[in-house]
Amino acid sequence: MSETEQTTRDRVVELLNTAAFLPSEKEKIANLAQVQELIIHHDPQLLDSFFEEVAAFQNDRNSDVRKFVVGFIEEACKKDVAMLPRLVPNIHLLLADNAVAVVKRVIQAVAQLHRATLAWLSSARTTSPEMEQVWQIINAMKNTIISMIDHDNDGVRTQAIKFLEALVLLQTYTESDSVTRDGEFNLDQVPLTLKVARPRKLEEEARMVLNKLLAFQGSIHISSVNLMTCMSSLTIIARARPQFLGKIINALEILHANLPPTLTKSQVNSVRKHLKIQMLNLLKHPASYDYHENITTVLNDLGITAAEVNKSMPSKDMIRKRVRRDKTGEEVTESVKKPRIDKEEKGKTEEVVEKNSAVDITQRWLVEKLTPETVATLVMFTMLNLPDEMPPLFSAGYSPITAAGTPTQIQHVARLLASQLTRAGVGPGVEQTKEEEVKSGYDSDEESKISRLVGGQVQLQEDTLQSGPVLVPAGVVGRTMRHKVKTMKLGEVTKSLSTAANSKMQLLLLLRLLRCSKMMLFGSASQHRTRILTMLSGCISSQECEELEDFILEDMHNHADFLFSWLYSEYSTNHDFSQINRIFTTACKKETKKEMGYAEILSSVVMKVLTKDASKERDEFLSRLFLECPYVPEDLITSLVRVGSQGGDSILVIASILKDTAQWRPLSAKPALRTLSLLATHDHESVRDQMTPILLELCEQENLREIVTEVATKYLKYLLLETPPDSLCTHNLGRPTQPSEWTEPTVKACLYLYLALLPLNQSMIHDLAQVYVKTVNEAKRSILRLLEGPIRHMGMDSPQLLKLVETCPKGGETLITRIIHILTEKAPPSEALVCRVRELYNRRVSDVRFLIPVLTGLSKKEVIAVLPKLIKLNPHVVKEVFNRLWGVTLDTGASPLTPVDLLVALHLIDSDKCDVKTVIKATGLCFAERSIYTAEVLAFVLQQLMEQPSLPTLFMRTVIQTLTHYPKLLGFIMNILQRLISRQVWKQRKVWEGFIKCCQRAGTQSFTVLLQLPPTQLADVFTSASDLHTRLISHIATLTENQRAHIPSNLMEVIEGHNSSDQPQSTPSEPQPTPQET
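Heads up: the sequence shown begins at 197 in the numbering used here, then just goes up one per residue.
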């Protein structure tokens, strides 16, 4: 071995050993790249010695390293084909990798290895069992990659398409017009005598793969990237293998007519542009001469001008040579091909072509049908289905048809229609193809054909595998350690220290480590110090623990990593996870064992942090500590309630920490929520206002809501006690002394959280009602005052509220009334609520006040029936009742009684049910609302009262009040007085007295009415109201003789006779007034 080779070998060993322990993937790949350069390009003789070591990196966790291994295998096999049996199994394993990037790189490598393997087999004089094993593995990978054309990942599908392209080019023969690369290996170089890979079967497989590629291009759900890749691959195949040119041009024509519907507008434009480029590339090929009409028609549809088409045409000399060769029958090409393809193979190939020509059959059938008359009928018939506006996609891609009506254009249109009919599964071509498949038993499963053609019989493969050698992946199985280093053991070269010396050294080491901050600036010294301190913490005393805690709290931000390392070490020790700490614990004496465990250390650190001044650094450190420590003890969480005596800022910080703990640490959620709920009972309202929103946010999670509800119910049931419990009366909750009885602040402390949760869990209202019935009066008053907000959130449609009203507990009537008042204060009562209140009133609660909130939901008859009871209530309550019926309050809905109906109903109340004075007060409230009881309303009221069979007792009082409030209704009232005369109003004493008083108020306007009374009643009027008599005489004196003649004589007698009878009553000393004075 030469010195240079030895140096290179040593360098490779060094690089491989370094790469095995490098943490950085980039450095590892850089080392492996140097190894590849040395053993493949610089000194290939070393490849056989080190290929296993490099291949072993295929098990690396990083996908980039595995990708590099794929590239190394590809380069090694291309450099030395003898590596194929050793490295192909590795590639087969990597094809099933979980990383998509690795799978894509493997597909690229398999394309190269497939070509290299076939070339290796073709150049070998005899095929060994090892070669057959390699070929079978290549076939297995080939079948797997062919199936990946339907992979979920878009990039994998793209690489599978490129692999199919390479497979078709490799497993087919070239022609004279084929565009090939220099040194390209294909089926021309494969001998016909090769039994492992027979050329005929390889070519059949290539044809079927091409059909699969064509079918994939025509699929509906193909992506734009895959579609353009597929188009490019088909164009390359057509240029390299002109025998497939017609089939590919046909597929591109169909694609032009049937673009996938899943593409967006921009993707359609990109696909059309790419299709234009590919068609131009095909047009340049000499073999496309026979398809110029098809290509130019598609290009014209894509917007290519005739000048651009002519520019891309092959030269005339090339076309002339092509035509001449077609006439001569291509004897040279045929003579080369005839020995390769026998008659049976040719027949099979032609059969496959015929079976795939359903579009051609339908096209020929359509050409005969596309007459001008038929086309005109089709156009007129489909005009009805056109949209009102031109679609943007159509306007963007439309180009005028220059050759419309020509035979070529007719053929093109027929081709487009045939492709769409065939895709829809209709047409003569589809029917004929189905019949032929049934007759010949045609198997359409191309993948099964591919596997049978390439792999042969399964039994044959198994026999070969059993008889031949089994190939195993290099570097994975049977790999031995070549270099083993003997490690030094400290126990063999050192002696154990005494207990005193050990303690002294440990203390000195601890102090030195804590005070070497300047040395921590260099390299990884800080990490090493943390490791050493963590190990020492396994057996340190309580005093040393305090020093460590003080050291951590000096700079909480920078020393946090050490704290967590310490805590995790202690936690591992408590659960017997750590072997190192187990050794320390066993080795230490009982007197030197550590006195503080995990829980004590964590609690001590937290309490020391809380004693520091409030700052952002302190709050962030506490939050991180609770979230990142391995476990939060329940006692520590419970003890945090002591911050309740430190002020609002500290409480808010702890509340935020407890919130995060409940959310992100399920095992600590229950104690954290209990502590938060306890703080929500703080005596200061500001603290309660901070805790309640946090708890409500946590209650959005159902599992946390159950815990908070349980605690809130517990606090609510404290109200059943005679005095507040000791748990609420602590200095931490703002109550240093225990009150002897319930007060409003202590009641609120128990109620706040429960009432806040009520809208989230509405079934809790029943527990509240049960507590209300049994609790003290102070608590009842507080419940009624605080109930408004939660009840409004629940709404009157709440099933739980309706159930509570329906099953009102005995003694809870006041609570139910308050709830109904809240619900109906700003909204009309729902039908369900009215129904349940009505049933409860009729069944149990006889107090009419229970119906006031739902009055607007009752019927008119029901309201009138309870009206006598309602007006007997306090005047303020009666006022509220009337406001609800008048609709004065907001959003009360339609009232069952209008203002007219209400006033009429008040007049018609039976005196046995309600005394007249109460009714007078109620009507007085109505007359006080001038904006409601306008002149028109009162006129309607009087009109309806006049229509009653018996005039109400207070009728004339209402008439007089109406005249007082609205003098403009004097004429209307005089009309009512006239109608009263016809009803013989004097028969009702109270009404008759009111009639006389109304006439007195009306004055001279009432004389016309008085003159219509019978003489007896007129005399009665003069007796009751002498001023009317005097004023009437004066009025008559002003009349003319003709006007007096219209007054009946009997009335004049009453007027004059009553006057003469009055004169003796006057004293002689009093002068008699003249008619003008009266």
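Even for Gly, the Cβ is constructed at its ideal location relative to N, Cα and C.
Are there 16 or more other CB atoms within 10 angstroms of the CB of residue 1053, so buried, or fewer, so exposed? Around the CB of residue 1053, 16 or more other CB atoms lie within 10 Å, so the residue is classed as buried.
Contacts around residue 232, its chain only, beta-carbon distance under 6 Å, and the 5 residues preceding and following it disregarded: For residue 232, where only same-chain residues beyond five positions count, the Cβ hits under 6 Å are 268.
Measure the Cβ-Cβ separation of residue 363 and residue 306 and say whether it is below 7 Å. no
Nearest to residue 1234 by alpha carbon, out of 1218, 424, 1203? For the residues 1218, 424, 1203, the minimum Cα distance to residue 1234 belongs to 1203.
In whole angstroms, what is the alpha-carbon distance linking residue 273 and residue 310? 11 Å
Determine the direct distance from the alpha carbon of residue 476 to that of residue 492, and round the result to whole angstroms. 9 Å
Compute the Euclidean distance between the alpha carbons of residue 921 and residue 994, then round it to the nearest angstrom. 33 Å
Residue 480 - containing alpha helix (DSSP H), residue span: Counting along the chain, the alpha helix (DSSP H) containing residue 480 begins and ends at 461-480.
For residue 937, which of helix, strand or coil comes out of DSSP? coil
Quick one: Cα of residue 812 to Cα of residue 818, how far? Between the C-alpha atoms of residue 812 and residue 818 there is a straight-line separation of about 10 Å.
Tell me which residue opens and which closes the alpha helix (DSSP H) that residue 817 is part of. 812-824
So, using beta-carbon positions, are residue 948 and residue 908 closer together than 7 Å? no
How should residue 675 be labelled, buried or exposed, when 16 other C-beta atoms within 10 angstroms of its C-beta is the threshold for buried? In this prediction, residue 675 scores a pLDDT of 44, lower than 50, which makes its location untrustworthy; the coordinate-derived value is nonetheless stated afterwards. Exposed, by the Cβ-count rule.
With a threshold of 16 other CB atoms inside 10 Å of the CB of residue 240, please say whether the residue is buried or exposed. exposed
Skipping 5 residues on each side, what residues in its chain have a beta carbon closer than 6 Å to that of residue 747? 710
Out of curiosity, what's the CA-to-CA distance linking residue 213 and residue 792? Roughly 44 Å between the two C-alpha positions.
Residues of its chain near residue 206, where Cβ-Cβ distance is below 6 Å and the 5 sequence neighbours each way are ignored: none
Proximity of residue 938 and residue 972 at Cβ, strictly below 7 Å: yes
Uninterrupted alpha helix (DSSP H) stretches inside the segment 849-921 (no shorter than 4 residues): Within the segment 849-921, the complete alpha helix (DSSP H) runs of at least 4 residues fall at 865-875, 881-894, 898-912.
For a quick check, are the C-beta atoms of residue 931 and residue 980 less than 7 Å apart? no
Backbone CA spacing between residue 1036 and residue 1050 [nearest angstrom]: 12 Å
Drop a sphere of 10 angstroms on the beta-carbon of residue 1242, count the other beta-carbons inside from all chains shown, and report buried for 16 or more, exposed for fewer. exposed
From residue 991 to residue 1019, what distance separates their C-alpha atoms? Distance from the CA of residue 991 to the CA of residue 1019, rounded to the nearest whole angstrom, comes to 7 Å.
Leaving aside the five residues before and after residue 258 along the sequence, list all residues of the same chain whose C-beta is less than 8 Å from its C-beta, in chain order. In chain order, 221, 224 place their CB closer than 8 Å to the CB of residue 258, counting only its own chain and leaving out the 5 sequence neighbours on each side.
Quick one: Cα of residue 1023 to Cα of residue 1093, how far? As the crow flies, the alpha-carbon of residue 1023 is around 17 Å from that of residue 1093.
Please go through the segment 244-285 and give each complete beta strand (DSSP E) segment of 3 or more residues, from N-terminal end onward. none
Residue from 1240, 1185, 1238 whose Cα sits closest to the Cα of residue 1217: The shortest C-alpha separation from residue 1217 is found at 1185.
How many whole angstroms separate the CB atoms of residue 1154 and residue 1103, which I take to be in contact at a CB cut-off of 8 Å? At roughly 7 Å, the Cβ-Cβ gap stays under 8 Å, so residue 1154 and residue 1103 are in contact.
Among the residues of its own chain, which have a CB less than 7 Å from the CB of residue 470, if the five just before and after it don't count? 424, 427
Quick test of your reading: residue 1065 and residue 1044, contact by CB under 8 Å. State the CB separation rounded to the nearest angstrom. 4 Å
Secondary structure of residue 930, DSSP reduced to three states: Three-state DSSP puts residue 930 in coil, outside helix and strand.
Tell me where the alpha helix (DSSP H) around residue 579 begins and ends. Note, residue 579: premise wrong, no alpha helix (DSSP H); not H, not E.
Three-state secondary structure (DSSP) at residue 1151? The answer is helix: DSSP assigns residue 1151 an H, G or I state.
Using only the alpha-carbon positions, how far apart do residue 845 and residue 810 sit? 8 Å
Measure the CB-CB distance between residue 1205 and residue 1173 and report whether it falls below 7 Å. Residue 1205 places its beta carbon less than 7 Å from that of residue 1173.
Could you pull out every residue in the same chain whose Cβ sits closer than 7 Å to the Cβ of residue 804, ignoring the five residues on either side in sequence? In chain order, 745, 749 place their CB closer than 7 Å to the CB of residue 804, counting only its own chain and leaving out the 5 sequence neighbours on each side.
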